[in-house]
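Enquirer: Residues in the sequence shown are numbered consecutively from 7, following this note's numbering. Ideal Cβ positions, reconstructed from N, Cα and C, are used throughout, including at glycine. Take a look at this one; I'll ask things after.
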Amino acid sequence: MSETIQLKIGDKTYDLPVITGSEDEKAIDISKLRDLTGYVTLDIGYKNTGATKSAITFLDGELGILKYRGYPIEQLAQKSSFLEVAYLLIYGALPTAEQIADFQRQINHHTLIHEDMKKFFDGFPSHSHPMGQLTALISSLSAFYPESLKPVQTAEDVNLTITKLLAKMTTIVSWIYKKSLGHPVIYPQNKHDYVTNFLYMTFGQRTEDVTIDPVIVEAMNVLLILHADHEQNCSTSTVRIVGSSEANLYSSVSAGISALWGPLHGGANQAVIEMLEKIKEDGGDTDKWIKKAKDKNDPFRLMGFGHRVYKNFDPRAKIIKKACDDILEKLGIDDEVLEIAKRLEEVALKDPYFVERKLYPNVDFYSGIIYRALGFPTEMFTVLFALGRLPGWIAQWKEMKENKEPIGRPRQIYVGAIDRDYIEMDKRELVTQ
Ligand code: ACO
């Protein structure tokens, strides 16, 4: 017999089904609650609400476990390439050599973007934030590739849009960077793999056939893999909810990019470096800044610390911290902000404020230091996060469609005014907000 939980309201008892996930996590199915009882649940910020059943990513915040399609993040970061992980997330299994070669070939076939899209780059002010440009450019792909708008999509149609989006994202991100420098853009070269092609378009020059340092390719692969999916976070939930209205993939992902931009989410990687720089300029007194972070009257928060789900440690942060040390050593870079970051972490991990609230470094605490060492300007960091998260958003959008999930539409508890009569303008009193 299937497990149920009893809910008692007044003198009535209701049996609510219990759903058990494959890693034994439990949920109370309240999908019939309102019909049965007239009640809805209230969970601001969705701290306890499962929005879907998903087979893509599993994470255990208490034990610090993260797996994509059952594979531990540590193994994927060490052994696979970003494109392999993208395939795994989107199609559910690790690709064979033939499948990955074919995937790479199809992507290379679509890396060019329509020449008319270059006019967008010319139209943006030279100092506009790369995330603002990215969200607009990704949404505009639907105008250039209208097959994504067909009301009935075959699996081939969906795969074509997925391939185009993965392919064109690298070109768009590189060109945003080139344009920010005022440099000419570099066109993709099909001989390169996914990550190398991206780095070639970003750091290459038109006149020479630049070889990208394998250390940089490896570092980029690891960073992108670690960011590739993270189940139902703010941006992914946005992609799923926008997609649930049957909006096309480009605009669903564009919405996810907007959600990622905020400093409490993906924008934290930019905010971390800005914070570390500020601490450095201020003399590097980490104790002073820890004190500020603890002061409830001070809006300062320790950026890159804390996570909605990880309450023990973030497994991605562990891998990134080690990668950060390795890469800086390999590239022969001595970055003072890395020392400040390590000191902050050390002090915070012993401080009762952070210990009691289970605040640990998250994926963004060290990633910015690596991006900087690779040569990216601070404002590009969140765009790189978006490049990494793209396969996750695509996989989640595809799963939502395949599961035929209904349009996302939460309820609310109304707490506003009741039954007011309209007041003519000359009779209104000033109400200060
Ligand atoms: N510095 C200081 N105090 C913090 C921090 C921080 N970074 N993070 C949380 N706290 C405190 C809160 O003030 C709160 O204290 P209280 O209980 O005394 O009121 C307590 O810890 C719980 O914090 P919440 O904000 O309620 O936790 P929530 O789960 O809602 O937020 C979040 C998680 C948004 C990540 C938060 O920890 C934060 O703002 N961190 C800094 C921004 C950041 O690094 N974001 C990236 C997250 S990873 C990612 O999205 C890729």
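Have a look at Leu172, Lys32 and Tyr20 and flag the residue whose alpha-carbon is nearest the alpha-carbon of alanine 92.
Expert: Position 86 of the sequence shown holds residue 92. With distances taken between Cα atoms, alanine 92 lies closest to Leu172.
Enquirer: Using a threshold of 7 angstroms, is the CB atom of methionine 309 nearer than that to any non-hydrogen atom of the ligand ACO?
Expert: Position 303 of the sequence shown, counting from 1, holds the residue named residue 309. Methionine 309 Cβ: within cutoff of the ligand ACO.
Enquirer: Closest to serine 264 by C-alpha separation, out of Asp291, Ala392 and Lys284, would be which residue?
Expert: Position 258 of the sequence shown, counting from 1, holds the residue named residue 264. Nearest option by C-alpha distance: Ala392.
Enquirer: Check for me: the alpha helix (DSSP H) holding valine 248 runs from which residue to which?
Expert: For the purposes of this step, residue 248 is taken as the residue at position 242 of the sequence shown. Taken as a continuous stretch (DSSP letters only), the alpha helix (DSSP H) holding valine 248 covers 240-249.
Enquirer: Please determine whether the Cβ atom of arginine 349 lies at a distance below 7 angstroms from any heavy atom of the ligand ACO.
Expert: The residue labelled residue 349 in the question sits at position 343 within the sequence shown. For the ligand ACO, not one heavy atom lies less than 7 angstroms from the Cβ of arginine 349.
Enquirer: In chain order, what residues of the same chain lie with their CB nearer than 7 angstroms to the CB of lysine 298, ignoring the 5 residues before and after it?
Expert: Taking the sequence shown and counting its residues from 1, the one referred to as residue 298 is at position 292. Cβ-Cβ distances below 7 angstroms link lysine 298 to Asp304 and Phe306 in the same chain, with the five nearest sequence neighbours on each side left out; the list follows chain order.
Enquirer: Classify proline 152 as helix, strand or coil using the three-state DSSP reduction.
Expert: Numbered from its first residue, the sequence shown carries residue 152 at position 146. In this structure, proline 152 counts as helix in the three-state DSSP scheme.
Enquirer: The ligand ACO and alanine 299: does any heavy atom of the ligand fall closer than 7 angstroms to the residue's C-beta?
Expert: Taking the sequence shown and counting its residues from 1, the one referred to as residue 299 is at position 293. Proximity of the beta carbon of alanine 299 to the ligand ACO is indicated: a heavy atom of the ligand is located closer than 7 angstroms.
Enquirer: Going straight from the alpha carbon of methionine 406 to that of arginine 246, what length do you get?
Expert: Working through the sequence shown from its first residue, we reach residue 406 at position 400. Working through the sequence shown from its first residue, we reach residue 246 at position 240. If you draw a straight line from the Cα of methionine 406 to the Cα of arginine 246, it comes to about 6 angstroms.
Enquirer: Kindly indicate which residue of Thr19, Ile15 and Thr10 has the alpha-carbon position closest to the one of isoleucine 25.
Expert: Reading the sequence shown from its first residue, position 19 is the one you call residue 25. Nearest of Thr19, Ile15 and Thr10 to isoleucine 25, Cα basis: Thr10.
Enquirer: Alpha carbon to alpha carbon, how far is glycine 76 from lysine 404?
Expert: Within the sequence shown, the letter at position 70 stands for residue 76. Within the sequence shown, the letter at position 398 stands for residue 404. Near 18 angstroms, if we compare the C-alpha coordinates of lysine 404 and glycine 76.
Enquirer: Valine 389: beta carbon under 7 angstroms from a heavy atom of the ligand ACO?
Expert: Along the sequence shown, one-based indexing puts residue 389 at 383. No, the ligand ACO has no heavy atom inside 7 angstroms of this Cβ.
Enquirer: Assign glutamine 276 to one of two classes, buried (16 or more other C-beta atoms within 10 Å of its C-beta) or exposed (fewer than that).
Expert: For the purposes of this step, residue 276 is taken as the residue at position 270 of the sequence shown. Only buried fits glutamine 276, as 16 or more other CB atoms lie within 10 angstroms of its CB.
Enquirer: What three-state label does DSSP hand aspartate 122 in the structure shown?
Expert: On the sequence shown, residue 122 is found 116 positions in, with the first residue counted as 1. The answer is helix: DSSP assigns aspartate 122 an H, G or I state.
Enquirer: Using the beta-carbon count (16 or more within 10 Å), is asparagine 114 buried or exposed?
Expert: Taking the first residue of the sequence shown as position 1, residue 114 is located at position 108. Burial call: buried.
Enquirer: Which of helix, strand or coil does DSSP assign to tyrosine 200?
Expert: Position 194 of the sequence shown, counting from 1, holds the residue named residue 200. Look at tyrosine 200 here: in three-state DSSP terms it is helix.
Enquirer: Under the criterion of a Cβ to heavy atom distance below 7 angstroms, does glycine 447 qualify as lining the ligand ACO?
Expert: Given that the chain is displayed from residue 7 to residue 439, the structure contains no residue 447 and the question cannot be resolved.
Enquirer: Kindly examine the ligand ACO and report whether one of its heavy atoms sits closer than 7 angstroms to the Cβ of valine 248.
Expert: By one-based count along the sequence shown, residue 248 stands at place 242. Not under cutoff, so the answer is no.
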